[in-house]
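Visitor:
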Ligand code: NAD
Ligand code: UD1
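Structure below.
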């Protein structure tokens, strides 16, 4: 069975492609490499023995999108990862984020309609909850104001798919990821930050290896147990496997409606300082860090109630925070070896 994966050379997309292939799916990957490297395709091949078919196009280009999808009308589904994802960059360049994340989604949905692709899975984010009223957040927790243009593009994306699902027969799943971290245990794929890393864990590993001089912890004066922000850090391979299960859930017609939402987190809130501690423990490295001011667009604390995904998808996290930090460190060492 053929699946189209957009943003497939990116961080979560590449891990998901491996999981899909290892579960018998044939994968077609689409990306414009604006935030990833073609190396991911070789990494996937090293793990699975097969290189997925790759189309290098910008999904903001509707003609190019239709051209590619028309060649894969037999696909059983599309998993749509392609988007820009940096909270800080979205605050500085809101139009870039609205343009890229919304236009690409509109084009891919138009292709779903045109070519009757039966199933659609969307990468959403816990950032849609904003500063939530209750913790842990369930799929029913009321969404607050988006704290950044990036988060707003995910709220808009969910609304667009919800409205689309009212008039189109395709089946849809929205997956709200919390904070994916770590890398494949083989160290053949992982996150390859383009330029300066934005996310915490690549910043930590790059500081430890000497690419970055020092990590700044963005604020230690929040109302949390140690003053730093709380997030739900989840191994990227656990996130990846949830996509395979989501697709199987749709293919087996186990969905309750034609649009379902799932939180993908571990259910555990962890502070920035605790992440640093876990890294130091598993890597044996002392991290050079300092405390700095709060970052614009950050929410104070968010972690998931993941019961729905566990019950309805039969999903369970396999990896601990320590496993994830160790795999991230091994991947950083591997990137040095590969010259990435
Ligand atoms: P990533 O940047 O590694 O991958 C995204 C990929 O999409 C990149 O390879 C990029 O080149 C591609 N892309 C972007 N715009 C495109 C376009 N117009 N046409 C074709 N390709 C395009 O990011 P990721 O961490 O793998 O995230 C994947 C998805 O998950 C994104 O939608 C992101 O918003 C969402 N998400 C990520 C996180 C996270 O912390 N990593 C958390 C929640 C949600
Ligand atoms: C956000 C979104 C997430 C999203 C992701 C994509 C929220 C709650 N989460 O993750 O859904 O899709 O962006 O990038 O909005 N930190 C530091 N120093 C650093 C980097 C980060 O202290 O150099 C801290 C941040 O303040 C934050 C935590 O580490 O508290 C995690 O940050 P990051 O990895 O950037 O992810 P989020 O912003 O939580």
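Numbering (my numbering), first residue to last: 627 to 966. No residue lacks a Cβ here, since even glycine has one placed at the ideal position from N, Cα and C.
Which of the three DSSP states is assigned to residue 748 in this structure?
Guide: In the chain shown, residue 748 corresponds to position 122, counting from 1. Residue 748: strand per DSSP, three-state reduction.
Visitor: What does DSSP give as the partner residue(s) for residue 628 in the beta ladder?
Guide: In the chain shown, residue 628 corresponds to position 2, counting from 1. In the DSSP output, where bridge partners are listed per residue, residue 628 has 652.
Visitor: Should residue 657 go down as buried or exposed, given a rule of 16 or more other Cβ atoms within 10 Å for buried?
Guide: Walking along the chain shown from the start, residue 657 turns up at place 31. It counts as buried.
Visitor: Would you check whether the ligand NAD has a heavy atom nearer than 7 Å to the C-beta of residue 639?
Guide: As a working note, residue 639 is residue 13 in the chain shown. Checking every heavy atom of the ligand NAD against the Cβ of residue 639, one is found closer than 7 Å.
Visitor: Could you check whether the stretch 759–778 touches the stretch 710–724, counting it as contact only if at least three pairs of C-beta atoms, one from each stretch, sit closer than 8 Å?
Guide: At 8 Å Cβ cutoff, the stretches touch.
Visitor: Measuring from the CB of residue 657, is there a heavy atom of the ligand NAD at a distance below 7 Å?
Guide: Within the chain shown, residue 657 is the residue found at index 31, counting from 1. Residue 657 Cβ: within cutoff of the ligand NAD.
Visitor: Between residue 779 and residue 733, is the Cβ-Cβ spacing less than 8 Å?
Guide: What you label residue 779 is simply residue 153 of the chain shown in a count that begins at 1. What you label residue 733 is simply residue 107 of the chain shown in a count that begins at 1. Their beta carbons are not under 8 Å apart, which means residue 779 does not touch residue 733 by this criterion.
Visitor: Could you check whether the stretch 678–692 touches the stretch 646–665, counting it as contact only if at least three pairs of C-beta atoms, one from each stretch, sit closer than 8 Å?
Guide: Yes: the two stretches touch, three or more of their Cβ pairs being nearer than 8 Å.
Visitor: Are the beta-carbon atoms belonging to residue 859 and residue 807 less than 8 Å from one another?
Guide: Position 233 of the chain shown, counted from the start, is the residue given in the question as residue 859. Position 181 of the chain shown, counted from the start, is the residue given in the question as residue 807. It is a contact, given that the beta carbons lie within the stated cut-off.
Visitor: Does DSSP put residue 842 in a helix, in a strand, or in coil?
Guide: Counting from one through the chain shown, the residue named residue 842 turns up at place 216. In this structure, residue 842 counts as strand in the three-state DSSP scheme.
Visitor: List in chain order: all unbroken beta strand (DSSP E) runs of 3+ residues lying wholly within the stretch 708–768.
Guide: The qualifying runs are 745–751.
Visitor: Please classify residue 897: does DSSP put it in a helix, a strand, or coil?
Guide: Position 271 of the chain shown holds residue 897. In this structure, residue 897 counts as strand in the three-state DSSP scheme.
Visitor: Return the residue from the list 682, 904, 958 and 878 that minimises the CA-CA distance to residue 835.
Guide: Residue 835 sits at position 209 when you count from the first residue of the chain shown. Taking only the C-alpha atoms, the option nearest residue 835 is 958.
Visitor: Can you tell me whether residue 1027 is helix, strand or coil according to DSSP?
Guide: Here the chain covers residues 627 to 966 and nothing more, so residue 1027 does not appear.
Visitor: Please work out which residues of its chain come closer than 6 Å, Cβ to Cβ, to residue 934, disregarding the five sequence neighbours upstream and downstream, and give them in chain order.
Guide: Here residue 934 is taken as the residue at index 308 of the chain shown, counted from 1. Within the same chain, residue 934 has close Cβ partners 765 and 888.
Visitor: Counting only the same chain and skipping the five closest in sequence on each side, list residues whose C-beta sits under 7 Å from that of residue 729.
Guide: Here residue 729 corresponds to residue number 103 of the chain shown, with the count starting at 1. For residue 729, where only same-chain residues beyond five positions count, the Cβ hits under 7 Å are 686.
Visitor: Closest to residue 705 by CA distance: which of 871, 923, 921 and 946 is it?
Guide: The residue you call residue 705 lines up with position 79 of the chain shown. Nearest C-alpha to residue 705: 871.
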